[in-house]
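Chemist: Reminder that position 499 of the sequence shown reads as 500 in this note's numbering, one-by-one numbering, no gaps.
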Amino acid sequence: MRKNRFALLTIAVASALAFTTACGSPVSKTRVDTLRVDTSSTFAYTGPEGLTVKGAAGVAAPDTLVTITPQQHPHDENLPGLTYLGRSVEIVLGDKMQPKAPIAVSIPVPRQFEADTATIIAVTQDDGNPEFLPVTAANGLLTANLVHLSPLDFFTVDISKFTAGVTASLRTLLTGESATAPDCLEKSVDVGGVTVKAHRAKSESGGNLDAIWPCLRYDHGQLLLDLHANGNRAWLTRSQPDAGTGALSAPGSGDATAVGFFKLFYSLGKHRSTGTLMPGTTLTYAFSADNLPTRAEAKVDPGLMLTAALVYQITAIFDMTGMSTYDEMEKVPGAYDCLLGAADTLDTTGKTFLENFSSAFATIVGCLATVVPGPMAFLLNIFGSGAQIVAGLVNAAWNEFTNDNHAIITISNERPRADYAQTWTGHTRLMHLQLDGTGDVTIFSGASDGETWSATWETTAAGIAVSLVARTSKSGAGLADLHPGTKWDAALLKSSDQKTILHFVDPGADPTSPQEGFFWCSDKYGYSYDCGA
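Here it is as structure tokens:
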């Protein structure tokens, strides 16, 4: 059966690397061959099982001794997806000098693999750090050109085999939700005589109501809105009125095998400058008693979720070495910038998932490989070259954990009707609101042009809504923009001089935001400059 031509990476890995030793590849020298650089400053060697080593012109001075130690051992799958091919070689020039020209090392493509294997990497060790070299596959040979000499071991990495297991775990990890809601869900609280309650609105994308659980509590003069993460998705959040980034709790305990991943994922959220609700956490917004919230929204952060998929893959890769991803990242300046840089530069609306994944993976791998320790960089580069394979396998999980991607929380703010049922004044305007929900509104433009209308009003989540019914009088030219059904949303809030005022805005605007609309004052609450002369 023809193998997926992208499914295998053939790599030459430094035998002195700790990772290789940990995997248990045997290192026994079966033979040692010697030859000398010829008068043209080149050399050519043919060893067992098709091994060839060729020094290019100028590689060393004529008559320099070349010592080549080929090694052969049984194939050994040290870890799932990682197989030692049993082919190693060590090349020494003279008294351990380095070559002055490239040395080409070729081995036959192993019989169990096809000669047209697409992605091949050779790795040698340069002063203790992995050095990655391009490999050509031609005429049944895999060839790497070495410019630094150190022992080599040959491995294959079956990325698809490794990634399939990781992706299955990722799908389960990021799509799970709890069926047990907190006791505080949708319970009302009293704030100075005002009944406040948070309601979950059905997701605008058609998702369920359980993605985020909102709870309200009143503590030390503040109304606190807690958004509890249900499941392991990451959400960008905001509140109305804007209460900043909010306070993110520490993550809860989870599956022991995922602790390192969640700690790292949580740290990514903490490094954000916007409100971010992370898996296993609670994000809390605080509001003063005179500036109560009306709404909170949460949208899946696609950039961060895609980065989460990559982080999970990377965490699994690091686990192969026994390293802790979180502990290592905490020690490395710039590591979080690498991850968030990839998340924030994604074009999640204009590009496909595969395009974004490949781009982000390349960005993360390229960035992290320059800041993390050698063995970690070694593994990152191997899997970075297989980004297309990883992307294809993660695609299904991505689709699952980015569904139901918009959660909406509305907060009802039920003040006693008497707070609104009074006489309100403003610059060239007058309004009477009665307890029975009727009233009248008079508005002038200048001193002579104006109209008076009968009106009705009702309470809303933010405050009240006032609607014009019929015009009862007209002065001068009247006002062309008033009609039956003209409506304003309104809310009580504090003025710039700390007086309670009634704020009118057009439908759809935020009555709790003082940047638009107009204001009314009353004798009950006192005059404010915001209401005009």
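Just so it is clear, CB atoms sit at the ideal spot from N, CA and C, and this is done for glycine as well.
On the three-pair Cβ rule with 8 Å, is the segment 473-490 touching the segment 418-438?
Modeler: Verdict: no, contact absent.
Chemist: Just list the residues that DSSP pairs M279 with in beta bridges.
Modeler: BP columns for M279 are empty, so no partner.
Chemist: For V67 and G335, what's the separation of their Cα atoms in angstroms?
Modeler: Each residue's Cα considered, the two are about 43 Å apart.
Chemist: Let's see if you can read the secondary structure: which residues bound the beta strand (DSSP E) around Y219?
Modeler: Start and end: 213-220.
Chemist: Contact check, G438 vs E459 under 8 Å by CB: the rounded distance?
Modeler: Indeed they touch by this definition, with Cβ atoms about 6 Å apart.
Chemist: Give the DSSP-derived three-state secondary structure of Y46 in the structure shown.
Modeler: Strand, per DSSP.
Chemist: State yes or no: is the C-beta of P215 within less than 8 Å of the C-beta of T513?
Modeler: Their beta carbons are not under 8 Å apart, which means P215 does not touch T513 by this criterion.
Chemist: Is it buried or exposed, Q499, if we count other Cβ atoms within 10 angstroms and call 16 or more buried?
Modeler: It counts as exposed.
Chemist: Would A287 and L225 be called neighbours here (beta carbons separated by less than 8 Å)?
Modeler: The answer is yes: Cβ separation under 8 Å.
Chemist: Based on the DSSP output, what are the partners of G440 in its beta bridges?
Modeler: In DSSP, G440 forms a bridge with L434, A456.
Chemist: Mark V106 as exposed unless 16 or more other C-beta atoms lie within 10 angstroms of its C-beta, in which case mark it buried.
Modeler: By the neighbour-count rule (16 or more Cβ atoms within 10 Å), V106 is buried.
Chemist: Taking DSSP as the reference, what is the three-state secondary structure of N292?
Modeler: DSSP places N292 in coil when its eight states are reduced to three.
Chemist: Among Y219, T295, G95, which has the Cα closest to the Cα of G464?
Modeler: Closest by alpha carbon: T295.
Chemist: Comparing C-alpha positions only, which one of P109, T70, A61 sits nearest to P103?
Modeler: Here the closest residue by C-alpha is A61.
Chemist: Any heavy atom of the ligand SAM within a distance shorter than 7 Å of the CB on A105?
Modeler: Because no ligand of any kind appears in the structure shown, any question about the ligand SAM cannot be addressed here.
Chemist: Tell me the DSSP secondary structure of C522 in three-state form.
Modeler: Note: C522 maps to strand in three-state DSSP.
Chemist: Between which two residues does the beta strand (DSSP E) holding T196 run?
Modeler: First-last of the beta strand (DSSP E) with T196: 195-202.
Chemist: Quick one, which of P280, D39, H200, K475 has its alpha-carbon nearest N414's?
Modeler: Minimum Cα distance to N414 is reached at H200.
Chemist: I'd like to check one pair, T40 with Y46: are the Cβ atoms closer than 8 Å?
Modeler: Taking 8 Å as the Cβ cut-off, Y46 and T40 do not qualify as a contacting pair.
Chemist: Pull up the DSSP beta-bridge partners for A299, would you.
Modeler: Partner(s): T238, A408.
Chemist: Would you kindly report the start and end of the unbroken beta strand (DSSP E) that includes Q223?
Modeler: Q223 -> beta strand (DSSP E) spans 223-230.
Chemist: What is the rounded straight-line gap between the Cα of S89 and the Cα of T246?
Modeler: Those two C-alpha atoms are separated by around 55 Å.
Chemist: Mapping DSSP to helix, strand and coil, what is E91?
Modeler: In this structure, E91 counts as strand in the three-state DSSP scheme.
Chemist: Measuring CB to CB, does T457 end up less than 8 Å from S474?
Modeler: Contact: no.
Chemist: Among the candidates S529, L284, T285, L142, whose CA atom is the shortest distance from the CA of W425?
Modeler: Cα-wise, what sits closest to W425 is S529.
Chemist: Terminal residues of the continuous beta strand (DSSP E) containing G427?
Modeler: Per DSSP, G427 belongs to the beta strand (DSSP E) from 424-427.
Chemist: Confirm, please, whether the CB-CB distance from L503 to R416 is below 8 Å.
Modeler: No, Cβ-Cβ distance for R416 and L503 is not below 8 Å.
Chemist: Check for me: the beta strand (DSSP E) holding R472 runs from which residue to which?
Modeler: 465-476 is the extent of the beta strand (DSSP E) around R472.
Chemist: Using alpha carbons as the reference points, say which of R112, A471, L480, V136 lies closest to G451.
Modeler: For the residues R112, A471, L480, V136, the minimum Cα distance to G451 belongs to L480.
Chemist: Can you check which of these residues, W489, E298, G427, is closest to S446 by C-alpha distance?
Modeler: Comparing Cα-Cα distances from S446 to each of W489, E298, G427, the minimum goes to G427.
Chemist: Quick check: what's the CA-CA separation for D291 versus V195?
Modeler: Each residue's alpha carbon lies about 10 Å from the other.
Chemist: Measure the alpha-carbon distance for D531 versus T282 and round it to whole angstroms.
Modeler: The alpha-carbon atoms of D531 and T282 are separated by roughly 40 Å.
Chemist: Would you mind reading off the limits of the beta strand (DSSP E) that contains Q516?
Modeler: Element bounds for Q516: n/a, residue is neither H nor E.
Chemist: Tell me, please, which residues DSSP counts as bridged to A138.
Modeler: Its beta-bridge partners are L143.
Chemist: Taking a contact to mean a Cβ-Cβ separation below 8 Å, would you say I92 touches L143 in this structure?
Modeler: Contact: no.
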